[in-house]
Amino acid sequence: MNSKMLRSASPAGGGLFFCWWKRGWKCGRVEVRIGIVEVNFMKSGKRPDPNVIHPIEGYDKEIYVKPTIQNPNILVGDFTYIADSDFESHVTHFYPWSRDKLIIGKFCQIAAGVEFVMNDANHQMNAVSTFPFYTLEGWEMEQPASSDMPFKGDTVIGNDVWIGQNAVVLPGVQIGDGAIIGANSVVGCDVAPYTIVIGNPANVLRKRFDDELIDLLLRFRWWDKSVAEIDSLIPILTCSDLERVREELKARL
Ligand SMILES: CC(C)(COP(=O)(O)OP(=O)(O)OC[C@H]1O[C@@H](n2cnc3c(N)ncnc32)[C@H](O)[C@@H]1OP(=O)(O)O)[C@@H](O)C(=O)NCCC(=O)NCCS
């Protein structure tokens with residue numbers, strides 16, 4: 000820990016902890032390094048833990064997704080949560096034989112009712128019928144060649160993406176860091192970083208910030224920093240004075 004971290008710690012963030020630091024007793028969040036052992040005291044005396052399933056005590060309708068994943072083709076980063084008690088039921092048409100992956104970054108916020116539709120949802124479209132005879136008992140049809148099936152690749156969601164209620168993400172879509180997906184949107188095309196999209200089909204409502212600030216954020220990658228560092232960055236990450244944020248990021252890059 001350095002004195003900068005102490006100065007920038009959010010006063011609203013922690014339980015009441017006191018420590019001796021350079022010029023006297025201070026209160027706030029405290030990280031103590033003892034040899035190679037690092038002990039962090041944060042909100043309510045707890046350290047954010049990406050491996051717990053229920054990050055809100057006494058409430059099971061919001062979960063950190065990563066520790067719940069069973070399917071090896073779903074990869075989710077630390078602290079991404081969904082407003083539900085289960086995640087994999089939101090990923091549809093995803094079978095053991097599926098060829099695609101669902102990759103989601105860190106710190107994403109996924110609302111209730113969101114659905115990730117995977118490639119095996121798509122029927123053959125280059126023949127006169129789309130009926131999937133080969134999947135159903137009794138019909139004389141072999142599985143079509145994979146080249147005859149629509150395949151749009153992996154679905155990739157960046158970091159710190161907020162996906163609004165009941166949004167549907169279609170196969171192979173890539174959503175950039177910091178994007179926002181409006182409620183009930185149907186996302187069929189890629190979404191650039193720090194861009195808000197809405198509607199069906201989802202179209203750009205606006206970019207969240209100017210190009211310079213977006214570039215700074217994409218280079219800074221706050222989500223890749225340590226838990227203690229992210230904790231100390233909260234006053235910057237949640238500051239609505241974007242000019243100050245711009246200067247803070249420039250100073251740190
Ligand atoms: C996308 C969103 C963040 C935009 O918020 P905003 O920037 O404040 O947007 P505004 O309310 O100013 O709306 C701007 C325009 O987009 C339209 N719009 C906003 N959200 C929309 C949506 N989800 N679908 C369709 N149109 C939408 C508005 O009607 C408005 O249209 P107009 O300019 O023709 O009047 C917000 O509307 C949203 O969908 N939030 C998701 C909430 C949610 O699902 N939370 C889940 C719990 S975490």
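Residue numbering for the sequence shown is 0 to 252, as defined by numbering that gives the first Met the number 0. Note that CB positions come from ideal geometry on N, CA and C, so glycine has one too. Note that the structure is predicted; figures quoted are calculated from it, not measured.
Buried or exposed (CB count within 10 angstroms, at least 16 for buried), residue i
i: TRP222; result: buried
i: SER225; result: exposed
i: GLY104; result: buried
i: GLN142; result: exposed
i: LEU241; result: exposed
i: MET124; result: exposed
i: ASN118; result: buried
i: VAL51; result: exposed
i: PHE86; result: buried
i: TYR94; result: exposed
i: PHE132; result: exposed
i: PRO71; result: exposed
i: ASP176; result: buried
i: SER239; result: exposed
i: GLY198; result: exposed
i: ALA111; result: exposed
i: THR91; result: exposed
i: ALA178; result: buried
i: THR154; result: buried
i: VAL172; result: buried
Inter-residue spacing [alpha-carbon to alpha-carbon] between residue i and residue j
i: VAL113; j: ILE102; result: 15 Å
i: ASN165; j: GLU136; result: 33 Å
i: ARG28; j: SER84; result: Only weak support exists for where ARG28 lies, its pLDDT of 43 falling under 50; the value from the coordinates is given anyway. Approximately 30 Å between the Cα atoms of the pair.
i: ALA120; j: GLY44; result: 45 Å
i: PHE208; j: LEU74; result: 28 Å
i: ALA231; j: GLU56; result: It should be pointed out that residue 231 corresponds to Ser in this sequence rather than to Ala. Cα-Cα distance, rounded: 23 Å.
i: TRP96; j: ASN202; result: 32 Å
i: PRO200; j: LYS151; result: 17 Å
i: LEU217; j: ASP159; result: 11 Å
i: ASP99; j: LYS42; result: 39 Å
i: GLU246; j: ILE180; result: 28 Å
i: ILE273; j: ILE156; result: Summary: the structure shown does not reach residue 273, with the chain confined to residues 0 through 252, and so no result is reported for it.
i: PHE115; j: LYS249; result: 36 Å
i: ASP77; j: PHE130; result: 40 Å
i: ASP59; j: TYR80; result: 12 Å
i: PRO10; j: LEU252; result: Only weak support is given to the placement of PRO10: the predicted model assigns it a pLDDT of 30, under 50, and the value that follows is read from those uncertain coordinates. Roughly 25 Å between the two C-alpha positions.
i: ALA227; j: SER145; result: 47 Å
i: PRO259; j: PRO49; result: With the chain covering 0 to 252 only, the question about residue 259 has no answer from this structure.
i: TYR122; j: VAL190; result: The displayed chain sequence assigns His, not Tyr, to residue 122. Distance between the alpha carbons of HIS122 and VAL190 is about 24 Å.
i: PRO168; j: ARG243; result: Going by the sequence as given, residue 168 is Val instead of Pro. If I take the Cα positions, the gap works out to 34 Å.
i: PRO234; j: VAL127; result: 58 Å
i: GLY163; j: GLN108; result: 8 Å
i: PHE106; j: LEU204; result: 22 Å
i: ALA82; j: ALA182; result: 13 Å
i: LYS206; j: ILE174; result: 13 Å
i: HIS89; j: PHE219; result: 31 Å
i: PRO47; j: VAL64; result: 14 Å
i: TRP161; j: THR237; result: 15 Å
8 Å Cβ cutoff, residue i in contact with chain D
i: VAL190; result: Among the chains in the structure shown there is no chain D, since it carries only a single protein chain.
Exercise for the section: Take every Cβ of the region 207-227, pair it with every Cβ of the region 190-197, and state whether three or more of those distances are shorter than 8 Å. Expected result: Yes, the region 207-227 is in contact with the region 190-197.
Problem - Every unbroken alpha helix (DSSP H) within the region 156-189, with a cutoff of 4 residues, ordered by chain - result: Runs of the alpha helix (DSSP H) inside the region 156-189: none found.
Problem - Contact the region 179-193 vs the region 123-143: 3+ CB pairs below 8 Å - result: Short answer: they don't touch.
Practice task
Tell me the start and end of each unbroken alpha helix (DSSP H) in the region 180-242 that is at least 4 residues and wholly inside, in chain order.
Solution key: The alpha helix (DSSP H) runs lying completely inside the region 180-242 and spanning 4 residues or more are 210-219 and 226-236, given in chain order.
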